[in-house]
Every structure is written in C-alpha cells, then in structure tokens.
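Trainee: Residues 297 to 446 in my numbering are what the sequence shown lists, from first letter to last.
Where a beta carbon is used, it is the ideal one built from N, C-alpha and C, also for glycine.
Sharing a structure with you now.
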Amino acid sequence: MIKKLLLLILFLGSITFQAQNLVWKTSMDAAITASNDENKPMLIFFTSSSAPNNLQNEVFKTPDFAVWSRDNVILVKLDLSDANASDVDKEQNVKLKNAFGVEDLPEVCFANASIRKSKTTFQALGKLGYKPGGAKAWISESDAILHPSE
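Here's what the structure looks like:
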C-alpha cells in the first residue's frame with residue numbers, strides 16, 4: 297500500500313512539475329522557426345505585469361494545459377511590460393499586439409507565420425482571452441479555433 301501511495305505521489309508530482317515548467321519562447325524569430333520546424337501553430341500570449349493572472353493560474357499552470365500545449369502549439373509569451381526587453385523587441389511586440397487586434401490583456405492569439413525574402417507574414421487563426429471554466433473548457437475552445445472542421 298505504501299509503495300502504491302509513493303508511486304502516486306511521484307507521478308502527480310512529476311505532472312505538476314511539468315505543468316509549471318512550460319517552455320515559453322520570447323523571441324518571435326525563434327518561435328516562427330520552431331513553429332515551422334514542428335509544423336505547429338503558435339500560441340502567442342500577450343500580457344503585462346498589470347494584467348490579471350487568472351488565465352495563467354487557472355489554465356497555463358495545469359497539467360492538462362502542459363500536455364495539450366506540448367502536443368499542439370509553440371508557446372510564445374510577449375510581455376508588453378518587460379523592462380529587460382530591447383527597444384526593438386518592445387516595438388515589435390506592440391506592433392504585433394496591434395496587428396492581431398489585441399485590446400484587453402491578457403489575450404492569446406493563435407497564428408502561423410512564414411518568412412520569405414526577409415519578410416514575415418502572419419496568418420491569424422483566432423483569439424481567446426480568459427473565460428471561467430478552467431483548463432478543459434479553455435482547451436476545448438482552443439481546439440475549436442485550431443481545428444474548426446473537427
């Protein structure tokens with residue numbers, strides 16, 4: 297009985313550990329390369345230090361999201377209040393926020409991108425903000441955006 301309990305605790309601990317250690321790219325160039333290499337769309341998370349944390353706490357920090365994101369998207373976090381970001385990156389992030397029509401933070405945009413002749417072209421797939429209901433409901437809405445025909 298004790299062995300089973302220890303195995304369960306180890307298993308649940310590893311899932312929680314994975315959920316808290318998601319790899320968020322902060323460079324769009326790196327994200328686009330990874331997106332194209334892995335043939336997955338980007339989940340671009342627009343946020344700032346003053347934005348509510350409910351999306352992060354109730355969705356992004358869950359084991360369900362960790363598993364889903366690993367299999368379905370390239371995670372990109374664009375913090376519009378990041379003091380460590382270069383002026384070029386700050387300007388780029390604001391331009392992307394405006395191009396995707398993001399008004400309220402935090403908000404997620406799903407997109408594909410390609411680079412040809414040093415010009416980046418984005419294909420917006422959809423947007424999603426925080427909605428009550430937890431990770432499973434948020435993932436279901438995300439799947440509807442990413443796979444509309446299913």
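Give every residue of the same chain whose Cβ lies closer than 7 Å to the Cβ of residue 393, excluding the five residues on either side of it in the sequence, and list them in chain order.
Mentor: So the list reads 342 and 376, once near-sequence residues are dropped.
Trainee: For residue 360, which residues of its own chain have a beta-carbon under 7 Å away from its beta-carbon, when the five flanking residues on both sides are left out?
Mentor: Within the same chain, residue 360 has close Cβ partners 431, 432 and 435.
Trainee: Look at the alpha carbon of residue 326 and the alpha carbon of residue 400, and state the distance between them as a whole number of angstroms.
Mentor: Roughly 25 Å separates the two Cα atoms.
Trainee: Express the C-alpha separation of residue 322 and residue 381 in angstroms, rounding to a whole number.
Mentor: Looking at the two C-alpha atoms, the distance is approximately 9 Å.
Trainee: For a test of the three-state rule: what should DSSP assign to residue 318, helix, strand or coil?
Mentor: Three-state result, residue 318: coil.
Trainee: Within 8 Å, do at least three Cβ pairs link the stretch 352–371 to the stretch 329–342?
Mentor: Short answer: they touch.
Trainee: If you scan the stretch 390–420 from start to end, which runs of the beta strand (DSSP E) of 3 or more residues do you find wholly inside it?
Mentor: Counting whole runs of 3 or more residues, the stretch 390–420 contains the beta strand (DSSP E) stretches 403–412.
Trainee: What distance in whole Å lies between the Cβ atoms of residue 318 and residue 365, which are believed to be in contact at a cut-off of 8 Å?
Mentor: The pair is a contact, with the Cβ atoms about 6 Å apart (cut-off 8 Å).
Trainee: Residue 351 by DSSP, collapsed to three states: which one?
Mentor: It is helical.
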